[in-house]
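Count the sequence shown with the working numbering and you get residues 1150 to 1360, in order.
For glycine and all other residues, C-beta sits at the position ideal for the given N, C-alpha and C.
Heads up, the thing below is written out as structure tokens.
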Amino acid sequence: MIMHATHGTSNRAPLALVLTALLLLAQVACVPRTPVPPAAGPGAPPAANLDALDVDTAYTEGLQAFWNGNYGGAAALFESSARRVEDQLLRSKALFGLACARLAAVENAEDLKAARAAWQEWEAASGGDACPADPRMVTPFLTKARLFAPPKEQREPKPQAAPAPRPSAGEQDMAKRLQEKEKEVQLLQKQIKALETIHREIQEKKKMTAQ
């Protein structure tokens, strides 16, 4: 599957389309294409130091750096492993890690362009075979909510509550009558309580007189 997206400094293509394409690419066989050299990640260690590690160690340490949130270091380690390894399966895994590290470090349009280039190289290296990829490595990129939030001018305004309809003349008259009846009921309740109090006092006086 070929991922279509217009890129450049304007980054006009919605990032949500990039997300959809990436999820599909992680689950299906990959289509070969011309490899694109990966861009260097920010804060990456010197290549000479990385090349002193064997390719398996570089890949393992790349995974550790990735899950520790050091995406620049992870990208450098994955790139070093992919560049020197001869085993195609491990190279494909290293390139996938490189692509995911680039995605996780995306901050602007140029970062996204470099990440897409790394992703395309991983596609080409897979050679149509099932991709030995861990889809969880895309999680740091997907959790960058600000990348997928629509611009302020495109956000839907919060719906406002519709004003309550004004009651008709008949409804207003009915409400007024109900209020009057409620007042009458309250008055009757007070009178009943007063009568009960008087009755109770009379009964108490009768008892005292009888004694």
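Take residue i and list the residues in its own chain whose beta-carbon comes closer than 7 angstroms to its own, dropping the five residues that flank it on each side.
i: alanine 1250; result: Gly1190, Phe1215, Tyr1220, Ala1223, Ala1224, Phe1227
Under 8 angstroms between the Cβ atoms of residue i and residue j?
i: alanine 1231; j: leucine 1247; result: yes
i: aspartate 1200; j: serine 1229; result: yes
i: leucine 1239; j: tyrosine 1208; result: yes
Between the alpha carbons of residue i and residue j, how many angstroms are there, rounded?
i: valine 1255; j: tryptophan 1271; result: 18 angstroms
i: alanine 1324; j: arginine 1349; result: 38 angstroms
i: aspartate 1260; j: phenylalanine 1245; result: 16 angstroms
i: lysine 1356; j: alanine 1343; result: 20 angstroms
i: threonine 1206; j: alanine 1264; result: 23 angstroms
i: arginine 1285; j: leucine 1202; result: 26 angstroms
i: glutamine 1328; j: glutamine 1360; result: 49 angstroms
i: threonine 1292; j: arginine 1233; result: 32 angstroms
i: phenylalanine 1290; j: glutamine 1309; result: 34 angstroms
i: arginine 1326; j: threonine 1358; result: 48 angstroms
Can you give me the Cβ contacts of residue i inside the same chain, cut-off strictly under 6 angstroms, excluding the 5 residues immediately before and after it?
i: alanine 1267; result: Pro1187, Leu1247, Ala1248, Arg1251
If you follow the alpha helix (DSSP H) that residue i is in, where does it begin and where does it stop?
i: glutamine 1335; result: 1318-1359
i: alanine 1373; result: As shown, the chain starts at 1150 and ends at 1360. That puts residue 1373 outside it, with no answer to give.
i: aspartate 1236; result: No alpha helix (DSSP H) contains aspartate 1236, which DSSP labels as neither H nor E.
i: isoleucine 1292; result: Note that residue 1292 corresponds to threonine in the displayed sequence, not to isoleucine. Run containing threonine 1292: none; DSSP gives neither H nor E here.
i: valine 1287; result: No alpha helix (DSSP H) contains valine 1287, which DSSP labels as neither H nor E.
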